[in-house]
Amino acid sequence: MYIMQIDNTKFLMMVGPNVIESEEHTMHMASELKKIFEKFPHIQYVFKTSFDKANRTSVNSYRGLGMEEGLRILQRVKDEYNLPVITDVHEPWHCDIVAKVVDIIQIPAFLCRQTDLIEAAAKTNKIIHVKKGQYLNAQSMIKVVEKFRAFGHTNKIILCERGTMFGYNDLVVDSRNLVWMKGEDNLVSMDITHCLQQPAITHADGTVKAGGLREFIPLMGKIALVSGVDAIFMEVHDNIEEAKCDGPTQWPLDKLEDLLTIFLKYIEN
271 MYIMQIDNTK
281 FLMMVGPNVI
291 ESEEHTMHMA
301 SELKKIFEKF
311 PHIQYVFKTS
321 FDKANRTSVN
331 SYRGLGMEEG
341 LRILQRVKDE
351 YNLPVITDVH
361 EPWHCDIVAK
371 VVDIIQIPAF
381 LCRQTDLIEA
391 AAKTNKIIHV
401 KKGQYLNAQS
411 MIKVVEKFRA
421 FGHTNKIILC
431 ERGTMFGYND
441 LVVDSRNLVW
451 MKGEDNLVSM
461 DITHCLQQPA
471 ITHADGTVKA
481 GGLREFIPLM
491 GKIALVSGVD
501 AIFMEVHDNI
511 EEAKCDGPTQ
521 WPLDKLEDLL
531 TIFLKYIEN
């Protein structure tokens with residue numbers, strides 16, 4: 271089984287749409303993102319998207335195309351565009367199947383302490399990206415790394431800061447976590463989009479769904495970079511108003527190149 275290597279001479283970025291909306295849309299996004307990142311040779315790019323959004327607020331919310339179809343599409347992204355890919359798993363039995371396609375396995379924030387899931391992911395020995403639970407401190411995340419190692423995982427582990435609950439409907443970022451989570455045995459990333467989510471807000475029409483503060487994405491990226499993160503995770507979309515999930519916290523695709531140009535100044539320094 272091919273095992274992706276993180277290039278220590280480049281800055282790692284995991285970027286893509288929140289969820290697989292259709293095969294056509296996913297391939298379009300992969301094509302456009304590849305073109306953009308080819309202009310930034312100092313960045314190691316990984317395409318991200320999800321085959322299932324299992325933690326939606328409403329049972330009526332869009333979840334994705336499912337694992338079988340989603341993995342087929344991700345394999346096509348790899349084959350046609352020669353891009354490494356990352357996606358998340360939700361159940362222990364997902365891990366072996368997903369590992370046959372993806373280069374990085376992601377553990378969602380809500381599931382970051384689930385020992386059975388960690389054990390199954392560890393046994394794939396893929397690179398692991400673990401979102402910090404919105405309810406956990408940095409020290410607790412180091413224990414997550416210890417769990418992976420206890421189950422025989424020897425590859426890279428990246429711990430991801432994605433905000434901490436501040437009341438019921440808001441998140442804040444404690445940038446000290448970007449330092450505290452970094453250990454001798456793991457890397458640190460920051461999700462500069464989900465950290466701006468405003469979970470389960472009741473809107474004027476009575477619907478309950480997540481909001482977000484997209485305008486602060488550039489600031490979050492700068493904070494991450496000056497804090498010395500090893501990687502950035504972010505979500506982008508070519509039509510944010512029509513995105514099927516988390517539109518308020520996705521960055522417009524047509525503004526990504528300009529944002530990366532700003533980030534590159536911090537990466538190079």
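For the sequence shown, our numbering gives the first residue as 271, with consecutive numbering after it.
C-beta atoms are modelled at their ideal positions from N, C-alpha and C, and glycine is treated no differently.
Local conformation of residue i per DSSP, three classes
i: M271; result: Legend: pLDDT at M271 = 46, less than 50; position of this residue unreliable, value from coordinates given subsequently. Correct three-state label for M271: coil.
i: E361; result: coil
i: T519; result: helix
i: R383; result: coil
i: N325; result: coil
i: V371; result: coil
i: R419; result: helix
i: I290; result: coil
i: I388; result: helix
Which residues DSSP lists as bridging residue i, in chain order
i: N456; result: G453
i: A513; result: In DSSP, A513 forms no bridge with anything.
i: M504; result: V285
i: T394; result: Paired residue(s): none; T394 is not in a bridge.
i: L441; result: M435
i: V355; result: F317
i: D461; result: F503
i: Q409; result: Answer is none; Q409 lacks a bridge partner.
i: Q468; result: G481
Through-space distance from residue j to residue i, alpha-carbon basis
i: F307; j: R419; result: 33 Å
i: C382; j: P287; result: 22 Å
i: M411; j: D366; result: 23 Å
i: V289; j: E538; result: 31 Å
i: M274; j: H399; result: 13 Å
i: M271; j: K370; result: Only weak support is given to the placement of M271: the predicted model assigns it a pLDDT of 46, under 50, and the question is left unresolved by the model.
i: W450; j: T296; result: 35 Å
i: I502; j: M435; result: 20 Å
i: K417; j: I388; result: 7 Å
i: D349; j: S301; result: 12 Å
i: L341; j: A408; result: 32 Å
i: Q596; j: D500; result: Not covered by the structure: residue 596. The range shown for the chain is 271 to 539.
i: T519; j: N456; result: 27 Å
i: E294; j: D444; result: 38 Å
i: M490; j: K401; result: 16 Å
i: L335; j: D358; result: 14 Å
i: T394; j: T424; result: 10 Å
i: A494; j: T463; result: 12 Å
i: C430; j: L448; result: 8 Å
i: Y438; j: N325; result: 16 Å
i: G422; j: D386; result: 14 Å
i: G403; j: P378; result: 8 Å
i: L441; j: V347; result: 33 Å
Residue interval of the beta strand (DSSP E) (run including residue i)
i: L429; result: 427-431
i: I487; result: I487 -> not in any beta strand (DSSP E); alpha helix (DSSP H) instead, spanning 487-496.
i: I374; result: 374-377
Extent of the continuous alpha helix (DSSP H) to which residue i belongs
i: Y315; result: First-last for Y315: 313-318, but that is the beta strand (DSSP E), not the alpha helix (DSSP H).
i: V400; result: From DSSP, V400 is part of no alpha helix (DSSP H) but of the beta strand (DSSP E) over 397-401.
i: Q345; result: 337-351
i: E527; result: 526-538
i: K280; result: No alpha helix (DSSP H) holds K280; DSSP gives it neither H nor E.
i: I306; result: 293-307
Top-ranked residue by Cα proximity to residue i, from the options
i: F321; options: T531, I375, L534, M283; result: I375
i: S292; options: Q520, Y536, K514, P518; result: K514
i: A391; options: N509, I427, Y536, F317; result: I427
i: K318; options: N325, M435, K309, L282; result: L282
i: M504; options: H364, N278, M284; result: M284
i: M299; options: D277, E339, K323, Y351; result: Y351
i: M236; options: V329, E485, E361, L353; result: Coverage of the chain is limited to positions 271 through 539, which leaves residue 236 absent and any answer about it impossible.
i: L303; options: T279, H507, D440, H364; result: H507
i: K396; options: I356, K323, F380; result: I356
i: V415; options: F380, Y405, V458, R446; result: V458
Residue i at chain B interface by Cβ criterion, 9 Å
i: A494; result: Given the protein chain composition of this structure (a single chain), no chain B is represented.
Residue i: CB within 8 Å of a non-hydrogen atom of the ligand HEM
i: L353; result: With respect to the ligand HEM, the structure shown offers nothing to examine, as it has no ligands at all.
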